[in-house]
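Trainee: Going by the numbering used here, the sequence shown opens with residue 1057, and the numbers climb by one from there.
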Amino acid sequence: MQNGQDNQIRQNDEVLCERRGAAGVVVLNRPKALNALTLGMVRGLRAALDAWEHDDQVKHVVVVGAGDRAFCAGGDIRTLYEQGRSGRGADALTFWREEYQLNVRIKEYGKPYVALVEGIVMGGGFGVSVHGSHRVAGERFTFAMPEVGIGFFPDVGATYVLPRLPGEIGTCLALTGDRVGQAESLALGLATHATASGDLALLRDKLIAGEPVASVLEGLDAEPKNSPLMAEQDLIDHCFSAPTVAEILARLDEAAPGSPFAAKTAGTIRTKSPTSLALTLAQMRRGRGIGFREAMQLEYRIVSRIAQGHDFYEGVRAVIVDKDQAPKWQPGELDQVSPADIEAYFAPLGADELSF
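#1: Helix, strand or coil: which one does DSSP assign to H1419?
#2: So for F1127, helix, strand or coil by DSSP?
#3: With respect to the beta strand (DSSP E) encompassing L1169, which residues constitute its N-terminal and C-terminal limits?
#4: Run through DSSP, which three-state label would T1198 get?
#5: Taking only runs of the alpha helix (DSSP H) that begin and end inside the segment 1083 to 1117, which ones reach a length of at least 4 residues, in chain order?
#6: Alpha carbon to alpha carbon, how far is G1345 from N1063? Give it in angstroms, no decimals.
#7: In whole angstroms, give me the CA-to-CA distance for T1094 and I1304.
#8: Please report the straight-line C-alpha distance between T1321 and L1308, rounded to a whole angstrom.
#9: Helix, strand or coil: how does DSSP classify I1176 here?
#10: Here's the rule: buried if 16 or more other CB atoms are within 10 angstroms of the residue's CB, otherwise exposed. What is H1190?
#11: Residue ranges of each alpha helix (DSSP H) run of no fewer than 4 residues wholly in the segment 1216 to 1274, ordered along the chain?
#12: In chain order, which alpha helix (DSSP H) runs of at least 4 residues are fully inside the segment 1284 to 1323?
#13: Can you tell me whether E1070 is helix, strand or coil according to DSSP?
#14: Using 8 Å as the cut-off, can you tell me whether the segment 1259 to 1278 makes contact with the segment 1223 to 1231, which would need three or more C-beta pairs spanning the two stretches below that distance?
#15: Given that a residue counts as buried once 16 or more other Cβ atoms are within 10 Å of its Cβ, and exposed if not, what is D1378?
#16: If you follow the alpha helix (DSSP H) that R1361 is part of, which residue opens it and which one closes it?
#17: How many Å lie between A1311 and P1299 at the Cα?
#18: Taking Cβ to Cβ, would you say P1210 is nearer than 8 Å to L1218?
#19: Just the C-alpha distance for E1074 and R1102, rounded to the nearest angstrom, thanks.
#20: Taking DSSP as the reference, what is the three-state secondary structure of R1075?
#21: What whole-angstrom Cβ distance do A1092 and A1122 have, given they're in contact under 8 Å?
#22: On the three-state DSSP scale, how would you describe R1191?
#23: Is the Cβ-Cβ distance between G1223 and D1293 less than 8 Å?
#24: May I ask which residues mark the beginning and end of the alpha helix (DSSP H) holding T1331?
#25: Look up G1080 in the DSSP assignment and say whether it is helix, strand or coil.
#26: What residue from G1175, D1290, G1388 has the CA that sits closest to S1329's CA?
#27: Using beta-carbon positions only, say whether H1116 and K1163 come within less than 8 Å of one another.
#28: Return the chain-ordered list of same chain residues with a C-beta closer than 8 Å to the C-beta of P1087, the five sequence neighbours on each side being excluded.
#29: Given a cut-off of 8 Å, decide if V1071 and N1085 are closer than it, judged by their beta-carbon atoms.
#30: Give the secondary structure of V1120 by DSSP, where H, G and I count as helix, E and B as strand, and everything else as coil.
#31: Secondary structure at F1412, three-state DSSP: helix, strand or coil?
#32: Report the option in V1177, E1138, A1214, V1118 whose CA atom is closest to the CA atom of Y1356.
#33: Kindly indicate which three-state DSSP category W1152 falls into: helix, strand or coil?
See the structure below:
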């Protein structure tokens, strides 16, 4: 990233933002942490986007992740956990608020925003890529929103994006946290283009050299030949259109004797937080009929309540901190989750509502 003619906007150890040729180039630079987002990274990217939008020399923005394992594996969950546990919940909410505001900034950005995505992209990494105008997936691209497994919910705009995937596939991904690869993501529209991993650097260099985005990406958008998840579309649509998680599971169980996919999916869902499952299904249903800004406000309402609850901290403890993989959810069963309690997550926040 060193170039004597670069116009550096903002740079620290965690995110590198600088103008190179015709491109504003962003490098998420925490490879040992799988480029997990911190508040400093969110602020650095936001500052760069604000500066570049009115810089005539910047024709487009290019975002990449450092290292070869991950584009960005999400937010820095351990830090958020520690903040909440130590009585600094306001600090955690500051991260989520500014992250969600950044997601809106990316979605509404006035110049092409090209995410060159290789390796793992989850959670916050989804937020800084999928809302851009162009998402190019390398061969090792692996997408998931696994939040229900840590007592959380699919955020960073998943309220808007997942319900707009074909049929009920988005709901399936939200309730299972299952991973999908390059071909699957292209078929679903999570990626706009796909290419060989070795070509991503060439694409970046062409964009830096000033070639138009359309010509650089031309020929990379062919539909994949096989899409295993979409091959299960009829079953997914039938099962995940049920009005409750319990009924979704009942339909999967009914199909399980003749469907390994149904059996596996039901087993996966049953390991997740009952509260997160019920909350996420309600979130997916609401997301279909609202705009992006409203979806982000809804997510901030949800996270403001989750930060005061139990399951998020217990899920992070079990999966990330102690790693015993044995969370003790409260409540522990779906039939113990109150519809009124779920509805309360969506209530307006008054003066604390997310603003833009």
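Just so you know, even glycine gets a beta-carbon here, dropped at the ideal spot from N, CA and C.
Mentor: Quick look at the numbers:
#1: This structure gives no information on residue 1419, because the portion of the chain shown stretches from 1057 to 1412.
#2: Sequence index remark: in the sequence shown, residue 1127 carries index 71 (1-based). Correct three-state label for F1127: strand.
#3: To locate residue 1169, count along the sequence shown from 1; it is residue 113. Strictly speaking, residue 1169 in this sequence is Tyr, with Leu absent from that position. Looking at the DSSP string, the run of the beta strand (DSSP E) that includes Y1169 is 1169 to 1173.
#4: Residue numbering aside, residue 1198 sits at position 142 when the sequence shown is read from its first letter. DSSP places T1198 in strand when its eight states are reduced to three.
#5: 1095 to 1108
#6: Working through the sequence shown from its first residue, we reach residue 1063 at position 7. Working through the sequence shown from its first residue, we reach residue 1345 at position 289. Unreliable placement is indicated for N1063, whose pLDDT of 49 sits below 50; no coordinate value is reported for it.
#7: As a working note, residue 1094 is residue 38 in the sequence shown. As a working note, residue 1304 is residue 248 in the sequence shown. If I take the Cα positions, the gap works out to 36 Å.
#8: As a position in the sequence shown, residue 1321 is number 265, starting the count at 1. As a position in the sequence shown, residue 1308 is number 252, starting the count at 1. The alpha-carbon atoms of T1321 and L1308 are separated by roughly 8 Å.
#9: Working through the sequence shown from its first residue, we reach residue 1176 at position 120. It is a strand residue.
#10: The residue labelled residue 1190 in the question sits at position 134 within the sequence shown. Its Cβ being crowded by 16 or more others within 10 Å, H1190 is buried.
#11: 1225 to 1232, 1238 to 1244, 1256 to 1264, 1269 to 1273
#12: 1284 to 1287, 1289 to 1296, 1301 to 1311
#13: The residue given as residue 1070 occupies position 14 in the sequence shown. Coil.
#14: no
#15: Against the sequence shown, residue 1378 aligns to sequence position 322. It counts as exposed.
#16: Residue mapping note: residue 1361 aligns to position 305 of the sequence shown, counting from 1. Per DSSP, R1361 belongs to the alpha helix (DSSP H) from 1348 to 1362.
#17: To locate residue 1311, count along the sequence shown from 1; it is residue 255. To locate residue 1299, count along the sequence shown from 1; it is residue 243. Rounded to whole angstroms, A1311 to P1299 spans 17 Å at the Cα level.
#18: Counting from one through the sequence shown, the residue named residue 1210 turns up at place 154. Counting from one through the sequence shown, the residue named residue 1218 turns up at place 162. Yes; because the gap between Cβ atoms is below 8 Å, this pair is in contact.
#19: In the sequence shown, counting from the first residue as 1, residue 1074 sits at position 18. In the sequence shown, counting from the first residue as 1, residue 1102 sits at position 46. Each residue's Cα considered, the two are about 13 Å apart.
#20: Taking the sequence shown and counting its residues from 1, one reaches residue 1075 at position 19. If DSSP states are grouped into helix, strand and coil, R1075 belongs with the strands.
#21: Taking the first residue of the sequence shown as 1, we reach residue 1092 at position 36. Taking the first residue of the sequence shown as 1, we reach residue 1122 at position 66. So it is not a contact: roughly 12 Å between Cβ atoms.
#22: For the purposes of this step, residue 1191 is taken as the residue at position 135 of the sequence shown. The answer is strand: DSSP assigns R1191 an E or B state.
#23: What you label residue 1223 is simply residue 167 of the sequence shown in a count that begins at 1. What you label residue 1293 is simply residue 237 of the sequence shown in a count that begins at 1. Contact: yes.
#24: Start at 1 with the first residue of the sequence shown, and residue 1331 comes out as number 275. 1330 to 1343 is the extent of the alpha helix (DSSP H) around T1331.
#25: Against the sequence shown, residue 1080 aligns to sequence position 24. The answer is strand: DSSP assigns G1080 an E or B state.
#26: Your numbering for residue 1329 matches position 273 in the sequence shown. Ranking G1175, D1290, G1388 by Cα distance to S1329 puts G1388 first.
#27: Indexing the sequence shown from 1 puts residue 1116 at position 60. Indexing the sequence shown from 1 puts residue 1163 at position 107. No, Cβ-Cβ distance for H1116 and K1163 is not below 8 Å.
#28: For the purposes of this step, residue 1087 is taken as residue 31 along the sequence shown, with counting starting at 1. Within the same chain, P1087 has close Cβ partners G1121, A1122, G1123, R1125, A1126.
#29: Locating residue 1085 in the sequence shown gives position 29, counting from the first residue. Locating residue 1071 in the sequence shown gives position 15, counting from the first residue. Taking 8 Å as the Cβ cut-off, N1085 and V1071 qualify as a contacting pair.
#30: Within the sequence shown, residue 1120 is the residue found at index 64, counting from 1. In this structure, V1120 counts as strand in the three-state DSSP scheme.
#31: Mapped onto the sequence shown, residue 1412 falls at position 356. In this structure, F1412 counts as coil in the three-state DSSP scheme.
#32: Counting from one through the sequence shown, the residue named residue 1356 turns up at place 300. Closest option to Y1356, Cα to Cα, is A1214.
#33: Counting from one through the sequence shown, the residue named residue 1152 turns up at place 96. Note: W1152 maps to helix in three-state DSSP.
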